[in-house]
Amino acid sequence: MPLDPFDAEALARRLLDGPLPRRWSHVLAVARKARLLGPELGDDAGLLEATAWVHDIGYAPDLAVIGFHPLDGARYLNEEGAPRRVVDLVAFHSSAWVEAQEFGVADELAEFHDERTLTRDLLWYCDMTTGPDGTDFEFEDRMTEVRERYGPDHYVTRALDVGMDERRAAVGRSREWLTSVGLADQV
Ligand SMILES: [Fe+2]
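My numbering applies: residue 7 is where the sequence shown begins, and numbers increase by one.
In structure tokens, the structure reads:
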């Protein structure tokens with residue numbers, strides 16, 4: 007299945023709009039941010055936007071097999087024939103590697119690859135500066151929001167602390183790039 011931004015949007019809409027309206031609002035805002043970066047990003051513009059659309063489809067009730075959304079989403083996309091980079095970016099988005107260790111599925115996530123590129127950082131940035139209902143957040147405020155939403159004992163909260171340096175580094179590199187291309191005030 008070729009996954010251009012339009013197809014990715016349709017897929018995400020089918021899976022999330024309806025069963026998970028709040029999550030869908032979040033995805034709409036993440037994809038809007040990704041689209042804003044496209045003109046400056048060059049060859050990866052379509053890839054970033056497509057990935058933004060589908061990054062959270064693993065939350066969809068139809069897809070939640072393991073209950074760890076980056077892995078459920080990546081496996082589904084892989085089965086559907088999505089481009090390998092989309093699959094990998096979804097698998098590892100927003101420090102999923104650390105969360106996978108806390109959740110106990112690190113071996114399963116290791117089926118995929120963390121490409122550690124600017125495109126990967128920007129996906130993390132768009133996601134980690136967008137609240138659960140689609141509102142804009144400063145990165146640090148978003149981390150506080152996640153911590154409060156999940157509570158101290160949840161694996162997501164435990165993973166926040168372990169993975170915070172990596173998250174901050176990705177946000178820092180993203181901000182540097184956004185400033186260099188004149189988009190710092192827009193996303
Ligand atoms: Fe997200």
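Cβ atoms here follow ideal geometry from the backbone N, Cα and C, with glycine treated the same way. This one's a predicted model, so the numbers in the text were calculated from it and none came from an experiment.
Exercise. Report yes if the C-beta of H119 is less than 7 Å from at least one heavy atom of ligand 1; otherwise report no.
Key: no
Exercise. Can you tell me which of the three DSSP states T136 falls into?
Key: strand
Quiz item: With 16 other CB atoms within 10 Å as the buried threshold, where does G188 fall?
Solution: exposed
Quiz item: Do you know how far the Cα of D159 is from the Cα of R91?
Solution: 33 Å
Quiz item: Using 8 Å as the Cβ pair cut-off and three pairs as the minimum, do the segment 114–124 and the segment 80–94 touch?
Solution: yes
Quiz item: Looking only at DSSP bridge pairs, what is D142 linked to?
Solution: T136
Practice problem: Using only the heavy atoms of ligand 1, determine whether one of them is closer than 7 Å to the beta carbon of D23. | Solution: no
Quiz prompt | G44, DSSP secondary structure in three states | solution = helix
Self-check item: Start-to-end residues for the alpha helix (DSSP H) that takes in Y161
Solution: 161–186
Quiz prompt | Coil, strand or helix - F98 by DSSP | solution = coil
Quiz item: Of the residues Y131, T141, L184, which one's Cα is nearest the Cα of H99?
Solution: Y131
Quiz item: Would you call the CB atoms of D139 and H32 closer than 8 Å?
Solution: yes
Practice problem: Look at the Cβ atom of L128, then the Cβ atom of L43, and state whether they are nearer than 8 Å. | Solution: yes
Self-check item: DSSP-derived helix/strand/coil call for F107
Solution: The question names Phe, yet the displayed sequence has Gln at residue 107. If DSSP states are grouped into helix, strand and coil, Q107 belongs with the helices.
Quiz prompt | Nonlocal neighbours in the same chain, by C-beta distance under 7 Å from W30, ignoring five residues either side | solution = L22, D23
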